[in-house]
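Start counting the sequence shown at 1; every next residue gets the next number (UniProt numbering).
Glycine included, each C-beta is placed from N, C-alpha and C at the ideal position.
In what follows, a structure is listed as structure tokens, so that the remarks can point back to it.
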Amino acid sequence: MHVVLAEDSVLLREGLVWVLGSAGFEVVAAVSDAEGLLRAVDDHEPDLVVTDVRMPPSHTDEGLRAALLLRHRRPKLPILVLSQYVEERYATRLLSTATTGIGYLLKDRVADVAEFLDSLRRVAAGGTALDPEVVAQLLLRRHSDPLDLLTRRESEVLALIAEGRSNAGIAEALVVSESAVGKHINNIFAKLGLSGAEKDHRRVLAVLRFLKI
1 MHVVLAEDSV LLREGLVWVL GSAGFEVVAA VSDAEGLLRA VDDHEPDLVV
51 TDVRMPPSHT DEGLRAALLL RHRRPKLPIL VLSQYVEERY ATRLLSTATT
101 GIGYLLKDRV ADVAEFLDSL RRVAAGGTAL DPEVVAQLLL RRHSDPLDLL
151 TRRESEVLAL IAEGRSNAGI AEALVVSESA VGKHINNIFA KLGLSGAEKD
201 HRRVLAVLRF LKI
């Protein structure tokens, strides 16, 4: 799998190149700014992009804006965005333009290599990977229906869905059976008004309701 990496910190960039290479990914370009990222994607047509949010020259949101532009140009290109801090507005901006192949993680997650690589593979396969810290902050500011109708356990399940977890992953995290997870998910769909006609997209729609997008 070919990857284009954009990160202005030399140490982190080289560390990510090593981690990705050791896991079987081929980093075809490793750049330090948004312009370099856009050029590298045009040149290499990668299977996956990993980019920092903040890059030169202003160190604000150049990486994010480049990611949004790439998704506009290449709607099916999987992109994982890394951020130093929890900035939920960036996560919602990403998810408002795409519902598949998108990830938003804190850089601290890279330290857990196995979890980080799992998130990469999930995004590359068309799934989502949303940082648990972002999910936690979103949960704290939810006030209105229909999310208020969810039980504590259903809210936990929805938060894990937002992180991109499968039913099996949710069951493992909550130490319950997969059938119990399935029941909770069906309850979530019912309470959020997601009908069976939307079956193929209900998980994504549930996450979008959760994010208020």
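Count the other C-beta atoms from every protein chain shown that fall within 10 angstroms of the C-beta of residue i, then say buried if there are 16 or more, exposed otherwise.
i      : result
Asp43  : exposed
Asn167 : buried
Asp148 : exposed
Ala14  : The residue asked about is misnamed: residue 14 is Glu in this sequence, not Ala. Flag for Glu14 reads exposed.
Leu160 : buried
Lys76  : exposed
Ala162 : buried
Ala124 : buried
His184 : buried
Ala171 : buried
Thr151 : exposed
Val113 : exposed
Glu45  : exposed
Arg71  : buried
Leu82  : buried
Val175 : exposed
Ser119 : buried
Glu194 : This sequence places Leu at residue 194; Glu is not what is there. So Leu194 counts as buried.
Glu7   : buried
Between the Cα of residue i and those of the options, spot the shortest distance and give me the residue it belongs to.
i           : options                       : result
Tyr104      : Glu172, Thr60, Val28, Asp52   : Asp52
Ser188      : Trp18, Ala66, Ser155, Thr92   : According to the sequence displayed, residue 188 carries Ile and not Ser. The shortest C-alpha separation from Ile188 is found at Ser155.
Tyr90       : Ile170, Ala67, Asp33, Ala180  : Ala67
Gly36       : Ala23, Asp108, Met55, Glu26   : Met55
Ser32       : His184, Val17, Pro78, Pro132  : Val17
residue 218 : Arg39, Glu172, Tyr85          : No answer is possible for residue 218: it lies beyond the span of the chain, which begins at 1 and ends at 213.
Thr92       : Leu130, Val157, Gly193        : Leu130
Arg203      : Gly164, Val50, Lys183, Val176 : Gly164
Gly101      : Asn186, Ser177, Leu48         : Leu48
Arg122      : Val50, Ala136, Val134         : Val50
Gly127      : Ala173, Leu174, Ile79, Gly193 : Ile79
Ser9        : Leu38, Gly63, Leu194, Leu94   : Gly63
Ser22       : Pro132, Leu117, Leu94         : Leu117
Val41       : Pro132, Val3, Leu205, Leu20   : Val3
Ser177      : Val207, Leu5, Val157          : Val157
Arg74       : Leu38, Glu87, Leu106, Arg109  : Leu38
Arg65       : Ala34, Ser179, Ser58          : Ala34
Lys191      : Ala173, Phe210, Gly169        : Phe210
Ala111      : Leu5, Val19, Ala206, Val207   : Val19
Is the shortest distance between the beta-carbon of residue i and the beta-carbons of chain C less than 8 Å?
i     : result
Phe25 : Given the protein chain composition of this structure (a single chain), no chain C is represented.
In the DSSP assignment, find the alpha helix (DSSP H) that holds residue i and state where it starts and stops.
i     : result
Ser22 : 10-22
In the DSSP assignment, find the unbroken beta strand (DSSP E) run with residue i in it and report its ends.
i      : result
Leu130 : 128-130
- Run through the segment 134-186 for me and flag every whole alpha helix (DSSP H) of 4 or more residues, listed as ranges in chain order. 152-163, 167-174
- Start-end ranges of the beta strand (DSSP E) lying completely within the UniProt domain "Response regulatory" (2-122), minimum 3 residues: 2-6, 26-31, 48-52, 79-83, 102-106
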